[in-house]
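Following: one structure in structure tokens, then a few remarks.
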Amino acid sequence: MVAHSAISKLADPAKLAAFCAANGIRGIRIFGSFARGDQTPESDIDILLEFTAGSDPDLFELGGMQQDLCEIFNREVDLKIPDMFSPHNLERVVSNSVIAFAA
């Protein structure tokens, strides 16, 4: 389910759902300028991927996912996973994010 109406304007909800199903993703959060609503035409989209239990992509798979998301959103994306943040910073990112997709 695409959870934030503004996101459905950026990406085809069916493509986003298919991408998540194919990659073991249970949630996508948008943070940064798009979450705050102060993005510019040049802004990339900051994305936090949350995986289902047992899904543990390697760096090559994450690189492929980033390329796929660039195509889905038709814009550059900055892809992150929770392990890239300290617990404090992850909490801050999550609390200041919007849910783009939730399984």
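Whatever position you read off the sequence shown (first residue = 1), add 245 for the numbering used here. Glycine residues also receive a C-beta, built at the ideal position from the N, C-alpha and C atoms. Here the structure is a predicted model, which is why all the values come from computation and not from measurement.
Below 8 Å between beta carbons: does that hold for residue i and residue j?
i	j	result
D313	F264	yes
D328	D289	no
T297	R281	no
R274	L293	yes
Can you tell me the Cα-Cα spacing of residue i and residue j, whole angstroms?
i	j	result
S342	I317	19 Å
N334	E295	15 Å
I326	A259	22 Å
S278	N319	16 Å
D303	M310	11 Å
D257	S331	32 Å
G269	F346	12 Å
Considering just the uninterrupted stretch of the alpha helix (DSSP H) at residue i, what are its terminal residues?
i	result
I317	L304 to F318
Taking the DSSP output, what are the residues bridged to residue i?
i	result
G272	E295 and A347
Note the first and the last residue of the continuous beta strand (DSSP E) segment covering residue i.
i	result
D323	V322 to K325
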